[in-house]
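In order, the protein sequence lines correspond to chains A and B. 104 is the number that the numbering used here gives to position 104 of the first sequence; each next residue is one higher, with no gaps. 409 is the number that the numbering used here gives to position 39 of the second sequence; each next residue is one higher, with no gaps. Idealized CB from N, CA, C, for every residue including glycine.
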Amino acid sequence: VALTREEREAAAAKSGSSAERVAPRLGSPDRPTLIRIAVIAVLLLFVLLALPQLLSAYYIDAMTQVAVYSIVALGLGVLVGRVGMVSLGQAAVLAIGAWVAARLLFATSLPYPLVLLASGLITMVLGTAVGLPALRLRGLYLALITLMLAGAITVVIETTNFPNGGHGFLGYNGGFIRIPSIRRPSIATTDPAMFRYSVIVAALMFLLVLVHIRGRPGRAWAAIRQSEPAALAAGINTTLYKLWAFALASFITGVAGGVLAGAVHYLYSIDFPTQNSITLLAVVLMGGAFSMWGAIVAALLYQFLPALLNNWGISNDWLTILFGVGVLQVLTTAPRGIVEQTPKDLAKLGRLLMGLTGRRTAEARSGPGP
Amino acid sequence: MPSWSDFQPFIVSGLALGGVYALSGVGIVVLYQATGVVYLAFGAVGAFGALICWSLTTNDGAPDWVGWLVGIGFSAAVTLAYGMVFGVALAKREPLVKAVATLGLLLVLFGLMDLLWSASGGASRSLSLPTDNGGFMVGQVQVDWTQVLGIGIGVAITVLTGAFLRFTKLGTAMRAMANDREITATLGVPVRRVEAAAWLGCGALAGLAGILLADLVALDATTLTFLVISSLAAALIARLRSIAITFVAAMVVGLVHDLLTPISSVTNYRDGTPFVLAAIALLVFSGRSVMQLSREEA
């Protein structure tokens, strides 16, 4: 009996092949890989060169946010999709990154890439310090404690506020009448340039994560996701690799926070409520936590769709409702998210249409009897 | 450092808040025990109930008790419906998936609330219970009946739920399901019906907590929705197991939160109390190995 493509895929998934599928292809890359690289390169060039010409200032702003949040979604995707750890606090981590970057940008005249690196590293240290004890917990408790920590971070940031050029450690001055804006990279002071800058940073972060996934950490993560006791038995240092995933996710989220700080010019604690962490998890699950494309879809859902609806005068509340329904749908019927579900559904639809027309021609052929 | 008399009023308000946290925490623990679901939409469901209650009594001039009943009834119905559809669909999945799915319900309700009762434009609502008016003095401290109600309901629900789980047939069935769903079903317990009862009860508690918190804290969708995190803290300190520890933890969380109010250096950080306490408790009490945990999760 010939298996359908889906059955084969399901069988492959069952035998734990997500690890195999992302297994490193060493030596000369084969054709599909080359084609994939070419497609990505063309897409990246289009986004960098053509997109800023095509879009209005409003949508360029939105797309800059998409670039920033695709990094955040990627970090969460690594945790959820690769290692199987759900974090409900990534928006709070982003807030930390943005805070650190803003503080550095006001306090120093360091070049922007250095500030990004520093905010990434500092966020990484903070995220890992928080994650270190939390790693003794698993599954449900880890998710809940990250929710608690996100709540705590939100409370702290509401009180300290984001730096606005004031003095002291916090750098906040409530008495400013005219608040100085957070500076942007010197090569990206205009909105389209900032958009290109954030896309390039995002591309670098995707590359960084890809290197990890293709390498030893990726294989360790896949093993941990399948079964932590089994990974432990296989001699994998599970604590190290879980911490590594936390550190990587915190680092890129911190970098994203740094880009965000410059892109928006002004940061307010009200923009980082606890619910953002929840919405973020929702869009990452909807986009597909197992694929890196899923992070881009998630960011589009999270930042582009609201801009679009805003433009059309539709309340964003509908989006919140959609995300809620999306989470329920993803968890009950389509665990791999939009990125992997859509092609499947399209294929199914295609077969259905083929089946219908096929039946019709068959009917026509057998036709009315004599 | 503020003097003792500055703290006194906050003891009462802290206990009242703790009472409502206890009531929410107990609801969450019982549902988790019976179904394995950490109901993160608890706050959103309660907020929705409270807003319906507000609409009925303030806008439509319905008598107060109608508003309360409809609000609590709505919360119970939504929770039951969710349990019957998604609770059943996800019954065999791991606890993490079940908990994250309730975030879906949270988002749906949250979006709907913002559509129906928009908070933008500075619209503020308040729900006051008739118990706000009366009161009495304890020493120097004014105590109103809503605070008494909060403490009283917290104690009553904890005691009643404890007795229910201990002495009734349904309660015994719930405890059995907490141990092993499959074996309980084999023994002839109508598992679905017991779960339905747990969902319904948890939903009703959510509605009750929503209305009480709307009075004690604020009638605002965001605030109420995320207050669940605070009551979840109490449930987490009890490791989602003991309702007695949940009660004590909730009282401590409520007390510490309110007692920090007069201390000027930390007063702005007091909303972080539940998170910090829960984080410490989880980290201190969780020194178990991966192997033990995996056996538990299996």
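- Checking the DSSP bridge columns, you'll see Leu589(B) partnered with Arg495(B).
- Under the 7 angstroms criterion on CB atoms, Ile599(B) is classed as interfacial with respect to chain A.
- Scanning Val626(B), Ala459(B), Phe534(B) and Ala469(B) for the CA closest to the CA of Leu140(A) turns up Ala469(B).
- Where Val511(B) is concerned, the enclosing beta strand (DSSP E) starts and stops at Val511 to Asp514.
- Between the segment 90 to 105 of chain A and the segment 254 to 274 of chain A, the count of Cβ pairs shorter than 8 angstroms is three or higher; the stretches touch.
- Within the same chain, and ignoring the five residues on either side of Gly624(B) in sequence, the residues whose Cβ sits closer than 6 angstroms to its Cβ are Gly384, Leu387, Gly388 and Tyr391.
- Judged by their CB atoms, Ala233(A) and Ile224(A) are not nearer to each other than the 7 angstroms cut-off.
- In the DSSP annotation of this structure, Phe456(B) is not part of any alpha helix (DSSP H), being labelled neither H nor E.
- Ser315, Asp317, Trp318, Thr320, Ile321, Phe323, Gly324 and Val325: these are the residues of the segment 306 to 325 of chain A whose beta carbon lies less than 7 angstroms from some beta carbon of chain B, given in chain order.
- For the options Asp61(A), Ala282(A), Asn311(A) and Pro113(A), the alpha carbon positioned closest to that of Ser186(A) is the one of Pro113(A).
- Where Ala231(A) is concerned, the enclosing alpha helix (DSSP H) starts and stops at Glu228 to Ala233.
- If you ignore the 5 residues before and after Ala404(B), its C-beta comes within less than 7 angstroms of the C-beta of Met544, Met547, Ala548, Val564, Glu565 and Ala568, all in its own chain and listed in chain order.
- Bounds of the alpha helix (DSSP H) holding His212(A) are Asp191 to Arg214.
- At least one CB atom of chain B sits nearer than 7 angstroms to the CB of Leu144(A).
- A Cβ-Cβ distance of about 4 angstroms is found for the pair Gly580(B) and Ala420(B), placing them in contact under the 8 angstroms criterion.
- In the three-state reduction of the DSSP assignment, Val297(A) falls in the helix class.
- Judged by their CB atoms, Pro379(B) and Val508(B) are not nearer to each other than the 7 angstroms cut-off.
- The DSSP-derived three-state label of Val508(B) is strand.
- With a cut-off of 8 angstroms on Cβ pairs, the segment 316 to 324 of chain A is in contact with the segment 469 to 489 of chain B, counting three or more such pairs.
- Interface flag for Thr332(A) against chain B is set, since a Cβ pair is found closer than 7 angstroms.
- A distance below 7 angstroms separates the beta carbons of Leu105(A) and Val115(A).
- Positions of the alpha helix (DSSP H) runs, each at least 4 residues long and wholly inside the segment 232 to 306 of chain A, are given as 238 to 264, 274 to 287 and 292 to 299 in order along the chain.
- A straight-line Cα-Cα distance of about 18 angstroms links Val83(A) and Ser277(A).
- By alpha-carbon distance to Ala576(B), the top candidate from Leu594(B), Leu586(B) and Tyr639(B) is Leu594(B).
- Linking Ala220(A) to Leu630(B) through their CA atoms gives a straight-line distance of about 45 angstroms.
- In this structure Val325(A) touches Gly474(B) by the C-beta definition: roughly 7 angstroms separates them, less than 8 angstroms.
- When C-beta atoms of the segment 235 to 247 of chain A are compared with those of the segment 184 to 200 of chain A, fewer than three pairs fall below 8 angstroms, so the two segments do not count as touching.
- For Lys539(B), the uninterrupted alpha helix (DSSP H) segment begins and ends at Lys539 to Asn549.
- Excluding sequence positions up to five before and after Leu322(A), its CB lies less than 7 angstroms from no other CB in the same chain.
- Assignment of Asp434(B) by DSSP, reduced to helix, strand and coil, places it in the helix class.
- Asn237(A) sits exposed, since fewer than 16 C-beta atoms from the chains shown fall within 10 Å of its C-beta.
- Counting only the Cα atoms, Val42(A) lies some 33 angstroms from Leu352(A).
- The C-alpha of Met124(A) is placed about 5 angstroms away from the C-alpha of Ser250(A).
- A residue is called buried once 16 or more other Cβ atoms fall within 10 Å of its Cβ, and Asp585(B) is buried on that count.
- In the three-state DSSP reduction, Pro217(A) falls in the helix class (H, G or I).
- Membership of Gly97(A) in the alpha helix (DSSP H) is indicated by the continuous run Gln90 to Ala107.
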